[in-house]
Amino acid sequence: MDNGTRHCEPAASRHCEPKAKQSIIAVVGPMAAGKNYICNQLKEEGWAAVDADILVHDAIELVKDKILETFIPYAESQNIKLTHPDGTIDRKALGSLLFSFPELLAIQESIVYPIITKQIENFIDGHDKTIINATVLYKTPELLARCEKIIFVTAPFFTRLKRARRRDHLPLRQILRRFHAQRNLLKEYQKTNIPVKIINNK
């Protein structure tokens, strides 16, 4: 009997059910602390992970022309060539430039972060349980605000240094500069109202 209440047809019932609440957590921490290791463990439990650092590399190529237009005058003053022979951005050279001119980092972030934010939002929309793997997620507060928990991964200084030298093959001075820049990361995340769990990944 039709009492005026709308019912779902069985074949289309999935369209009438409310979407399950998405779970989003942030895995953050300083360089070479072991964030990827923690993410891989969580992926075995059914979580999908998006790596913001990898997205940065892709986004830089997408806006390569704008970055080169902005940064080449600075690079030329330091005799730094920002591109490989095939025209792609030399990320090590770019890192060296940012090391020489730290004020350029904010400019790069203003160009790249909107692209990364959109890509991560699209990734989240396609998954029920998402990990955002990032170092400086606090710089994109709209993404951080969606997280229900923050896992802060850390490790002893010399363990991180050994990992960074083995993995990234960067000059020691450049690695130490990054370590120094990230020294207050935990405080940035503790400023939020989001629960922070600290993991010491020795």
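The working numbering numbers the first residue of the sequence shown as 164 and each following residue consecutively.
Every residue, glycine too, gets a C-beta built ideally from N, C-alpha and C.
Bear in mind that the values here come from a model prediction, so they are computed numbers and not experimental data.
Out of curiosity, what's the CA-to-CA distance linking residue i and residue j?
i      : j      : result
Gly209 : Lys292 : 7 Å
Arg340 : Ile223 : 22 Å
Ala256 : Met194 : 18 Å
Leu348 : Ile278 : 23 Å
Thr246 : Ala212 : 30 Å
Tyr200 : Pro236 : 39 Å
Pro319 : Phe264 : 28 Å
Ser259 : Lys184 : 43 Å
Glu239 : Thr298 : 29 Å
Cys310 : Thr317 : 19 Å
Ile283 : Ala308 : 13 Å
Leu333 : Leu306 : 30 Å
Glu207 : Glu266 : 40 Å
Tell me, which residues are paired with residue i by DSSP?
i      : result
Phe315 : Val191 and Ile361
Val213 : Ile295
Report the option in the options whose CA atom is closest to the CA atom of residue i.
i      : options                           : result
Lys365 : Lys198, Lys354, Ser186 and Val190 : Lys198
Val275 : Leu324, Leu205, Thr246 and Asp216 : Asp216
Ile338 : Glu351, Leu349 and Arg323         : Arg323
Phe286 : Leu218, Val190, Asn363 and Ser273 : Leu218
Ile314 : Val359, Ala344 and Lys354         : Val359
His343 : Lys229, Phe262 and Thr251         : Phe262
Ala189 : Lys312, Ala211 and Glu207         : Lys312
His220 : Thr251, Asn203 and Ile361         : Thr251
Val226 : Lys325, Ser273, Gly289 and Ala308 : Ser273
Gln204 : Ile357, Asn296 and Lys350         : Asn296
Leu268 : Gln241, Lys354, Asp249 and Phe234 : Phe234
Classify residue i: buried if its beta carbon has 16 or more other beta carbons within 10 angstroms, exposed otherwise.
i      : result
Leu300 : buried
Leu335 : exposed
Gly192 : buried
Tyr352 : buried
Ile294 : buried
Ala327 : buried
Ile361 : exposed
Gln241 : exposed
Completely contained alpha helix (DSSP H) runs for the region 245-303, where each covers 4 or more residues: List check, alpha helix (DSSP H) in window: 254-263 and 266-288.
Secondary structure, alpha helix (DSSP H): runs of 4+ residues fully inside the region 222-247: Fully enclosed alpha helix (DSSP H) runs of 4 or longer: 227-240.
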